[in-house]
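Here the protein sequences come in this chain order: A and B. This note's numbering applies: residue 1198 is where the first sequence begins, and numbers increase by one. This note's numbering applies: residue 1198 is where the second sequence begins, and numbers increase by one. First the structure, in the form of structure tokens, and then the observations on it.
There are 2 protein chains.
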Amino acid sequence: MEKEISQAVIRRMPRYYRYLGELLDDGVERISSNELSALMKVTASQIRQDLNNFGGFGQQGYGYNVRHLYDEIGKILGLNRQHNIIVIGAGNLGQALANYVKFEKRGFIINGLFDINPALKGVTVRGIDIRMLEDLPEFVKNHKVDIAALTVPKENAMEVANKVVELGIHAIWNFAHLDLELPDYVVVENVHLSDSLMQLSYNIVKHEQEMK
Amino acid sequence: MEKEISQAVIRRMPRYYRYLGELLDDGVERISSNELSALMKVTASQIRQDLNNFGGFGQQGYGYNVRHLYDEIGKILGLNRQHNIIVIGAGNLGQALANYVKFEKRGFIINGLFDINPALKGVTVRGIDIRMLEDLPEFVKNHKVDIAALTVPKENAMEVANKVVELGIHAIWNFAHLDLELPDYVVVENVHLSDSLMQLSYNIVKHEQEMK
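Structural data, given as structure tokens:
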């Protein structure tokens, strides 16, 4: 676990985890890298390479034990413990996140929902009260918060991010369409929907050109 | 434009586009790759390499003309034309997409919103009527649709995707947490929020270990 693992490998791990989870649900106990390869549509050598980054897990002539591999990848991804999340920005997107039951199954618990719009005060989403942002310092004193999801407008994101970091929350799931400039000890994961849409339109254009 | 450009390069292009757009808004007319490098926190050589994939655009001793580079990257990303989008699944996430005014500035126009929940029939989101999914074939006959965004539960996603492709829509922006199996001529871009959250938690764990 000492060497640096590339983010490209990390980006693929949740997908392994998802497929292994489905295999488990289907009662599959073991799988060869060739079978996993066919299922996931990546080469068997890619799978072996990826998993070797973490020490392997496969056994010659046996393949992978699905439950073991699933649990190990879960540990690698930090899913063997609970992460409490607050969502700041209780608009459609923030409420969509709060409504996403699946996150809880993976140990991500949304325990707070904040906004600055007084009209939202006291509204509840799946049992979670929407609180006013001014109450955040008090909330953080009384609740463990590991991650702040920012679903606020771009214009407010930097200010809110600074406030959150000041309060001791050092992981941010950022949906605002900008790159947050924060100290190195803050972990940031971006979801830039516009970027994703542009990648789609790039591939549409490329595909049309190939068809010509 | 003949050689295959890696998706890693493509993933970086929207970010260039975003920064150049902000420079334009600030009235900046030209920029060196060193200045752009400092701003975007990537190496100047990375910038030159990325842009060389598309033929360069920089001039020795001058740097980049911001407007020209912005327009060219826009063309590469297919932003020099309109893309009509329908959103299928008018829950929180679907409504969040429909409310996202910024997409329109880039030429992505949401012209239809569909669901199967009769309680949503006739509800409008930013002037867009929520229609019933059964009316989709008729809608597609009368409206140009380039992209279908799927914000439906995982369980329904494959069926809805097949229907959409049958109706002649060959680009899908998929928010459901599975890999859609579709013919090669269909372009798919995935937004897997759970995967993103797992990447975040991986980096949290990794960071803690480094601090030890």
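Backbone N, C-alpha and C fix where the C-beta goes; we use that ideal spot for every residue, glycine too.
Sequence ranges, alpha helix (DSSP H) only - wholly within the stretch 1322-1406 of chain A, length at least 4:
1333-1339 and 1351-1363
In chain order, what are the residue ranges of uninterrupted alpha helix (DSSP H) at least 4 long that sit wholly in the stretch 1222-1299 of chain A?
1230-1237, 1241-1249, 1263-1273 and 1289-1295
Would a C-beta distance cut-off of 7 Å place Leu-1221 of chain A and Val-1263 of chain A closer than the cut-off?
As a working note, residue 1221 of chain A is residue 24 in the first sequence. As a working note, residue 1263 of chain A is residue 66 in the first sequence. Their beta carbons are under 7 Å apart, which means Leu-1221 of chain A touches Val-1263 of chain A by this criterion.
Measuring straight from C-alpha to C-alpha, what distance separates Ala-1287 of chain B and Leu-1330 of chain B?
As a first step, residue 1287 of chain B must be located in the second sequence, where it is residue number 90. As a first step, residue 1330 of chain B must be located in the second sequence, where it is residue number 133. Answer to the nearest angstrom: the Cα atoms are 10 Å apart.
So if DSSP puts Leu-1310 of chain A in a beta bridge, which residue, or which two residues, is it bridged to?
Along the first sequence, read from residue 1 onward, the residue named residue 1310 of chain A stands at position 113. A:Val-1284 and A:Ile-1327.
Using 7 Å as the threshold, is the C-beta distance between Ile-1202 of chain A and Asn-1277 of chain A below it?
Here residue 1202 of chain A is taken as the residue at index 5 of the first sequence, counted from 1. Here residue 1277 of chain A is taken as the residue at index 80 of the first sequence, counted from 1. Going by C-beta atoms, Ile-1202 of chain A is not nearer than 7 Å to Asn-1277 of chain A.
Which term fits Pro-1315 of chain B, buried or exposed, when burial requires 16 or more other beta carbons within 10 angstroms of its beta carbon?
Residue numbering aside, residue 1315 of chain B sits at position 118 when the second sequence is read from its first letter. Classification for Pro-1315 of chain B: exposed.
Please name the residue in A:Asp-1392, A:His-1367 and A:Arg-1323 whose C-alpha comes closest to that of Arg-1209 of chain B.
Locating residue 1209 of chain B in the second sequence gives position 12, where the first residue counts as 1. It is A:Asp-1392.
Should the stretch 1359-1376 of chain A be called in touch with the stretch 1339-1348 of chain A, which here means at least 3 C-beta pairs below 8 Å?
yes
Using C-beta distances below 7 Å, list every residue in its chain close to Thr-1240 of chain A, excluding the 5 sequence neighbours before and after it, in chain order.
Indexing the first sequence from 1 puts residue 1240 of chain A at position 43. Cβ within range, chain order: Ser-1234.
Check whether the Cβ of Glu-1386 of chain B lies closer than 7 Å to any Cβ atom in chain A.
Against the second sequence, residue 1386 of chain B aligns to sequence position 189. Yes - at least one Cβ of chain A is within 7 Å of the one on Glu-1386 of chain B.
Counting C-beta neighbours from all protein chains within 10 Å, is the total for His-1280 of chain A 16 or more, i.e. buried, or is it exposed?
By 1-based counting over the first sequence, the position of residue 1280 of chain A is 83. His-1280 of chain A is buried by the Cβ-count criterion.
How long is the line joining the alpha carbons of Leu-1379 of chain B and Asn-1359 of chain B, rounded to whole angstroms?
Translated into the one-based positions of the second sequence, residue 1379 of chain B becomes position 182. Translated into the one-based positions of the second sequence, residue 1359 of chain B becomes position 162. Straight-line Cα distance between these residues: approximately 8 Å.
Short of 8 Å in beta carbon distance, which residues of its chain neighbour Met-1355 of chain A, apart from the five on each side in sequence? Order them along the chain.
Residue mapping note: residue 1355 of chain A aligns to position 158 of the first sequence, counting from 1. Taken in chain order, the residues that qualify are Leu-1375, Leu-1377 and Glu-1378.
Thinking Arg-1328 of chain B and Gly-1304 of chain B are a contact (beta carbons under 8 Å), I'd like their distance in whole angstroms, please.
Taking the first residue of the second sequence as 1, we reach residue 1328 of chain B at position 131. Taking the first residue of the second sequence as 1, we reach residue 1304 of chain B at position 107. Their Cβ separation, rounded to whole angstroms, is 23 Å, which puts Arg-1328 of chain B and Gly-1304 of chain B out of contact at 8 Å.
When you check each C-beta in the stretch 1206-1223 of chain B against every C-beta of chain A, which residues fall closer than 8 Å?
Ile-1207, Arg-1208, Met-1210, Pro-1211, Arg-1212, Tyr-1214 and Arg-1215
Rounded to whole angstroms, what is the Cα-Cα separation between Met-1198 of chain B and Pro-1211 of chain A?
Numbered from its first residue, the second sequence carries residue 1198 of chain B at position 1. Numbered from its first residue, the first sequence carries residue 1211 of chain A at position 14. Interpretation of Met-1198 of chain B is limited by its pLDDT of 44, a score under 50 that renders its predicted location unreliable; the figure taken from the coordinates is listed afterwards. Cα to Cα, Met-1198 of chain B sits roughly 33 Å from Pro-1211 of chain A.
So with Cβ pairs under 7 Å, would you call Glu-1199 of chain B a contact of chain A?
Here residue 1199 of chain B is taken as the residue at index 2 of the second sequence, counted from 1. Because the pLDDT at Glu-1199 of chain B is just 49, under 50, the model does not fix this residue reliably, and the value given afterwards should be weighed accordingly. With 7 Å as the cut-off, Glu-1199 of chain B does not count as an interface residue toward chain A.
Proximity of Leu-1397 of chain A and Glu-1232 of chain B at Cβ, strictly below 7 Å:
Translated into positions along the first sequence, residue 1397 of chain A becomes position 200. Translated into positions along the second sequence, residue 1232 of chain B becomes position 35. Cβ atoms of Leu-1397 of chain A and Glu-1232 of chain B: not closer than 7 Å.
Measure the alpha-carbon distance for Glu-1269 of chain B versus Glu-1226 of chain A and round it to whole angstroms.
Walking along the second sequence from the start, residue 1269 of chain B turns up at place 72. Walking along the first sequence from the start, residue 1226 of chain A turns up at place 29. Spanning the two alpha carbons is a distance of roughly 52 Å.
Just how far apart, CA to CA, sit Gly-1260 of chain B and Leu-1274 of chain B?
To locate residue 1260 of chain B, count along the second sequence from 1; it is residue 63. To locate residue 1274 of chain B, count along the second sequence from 1; it is residue 77. Rounded to whole angstroms, Gly-1260 of chain B to Leu-1274 of chain B spans 22 Å at the Cα level.
Taking the straight line between their C-alpha atoms, what separation do you get for Glu-1335 of chain B and Val-1357 of chain B?
Within the second sequence, the letter at position 138 stands for residue 1335 of chain B. Within the second sequence, the letter at position 160 stands for residue 1357 of chain B. C-alpha separation (whole angstroms): 16 Å.
Check the Cβ of Val-1402 of chain B against every Cβ in chain A and list those closer than 9 Å, keeping chain order.
For the purposes of this step, residue 1402 of chain B is taken as residue 205 along the second sequence, with counting starting at 1. Lys-1272, Ile-1273, Leu-1274, Gly-1275 and Arg-1278, listed in chain order.
Closer than 8 Å at the beta carbon, the chain B residues around Asn-1289 of chain A:
Position 92 of the first sequence holds residue 1289 of chain A. Ordered by position in chain B, the residues that pass the 8 Å Cβ test against Asn-1289 of chain A are Asn-1289, Leu-1290, Gln-1292, Ala-1293 and Asn-1296.
Selection from B:Asn-1400, B:Ile-1207, B:Glu-1219 and B:Gln-1292 that minimises the alpha carbon distance to Val-1320 of chain B:
Stepping through the second sequence from its first residue, residue 1320 of chain B is reached at position 123. Among B:Asn-1400, B:Ile-1207, B:Glu-1219 and B:Gln-1292, the Cα nearest to that of Val-1320 of chain B is on B:Gln-1292.
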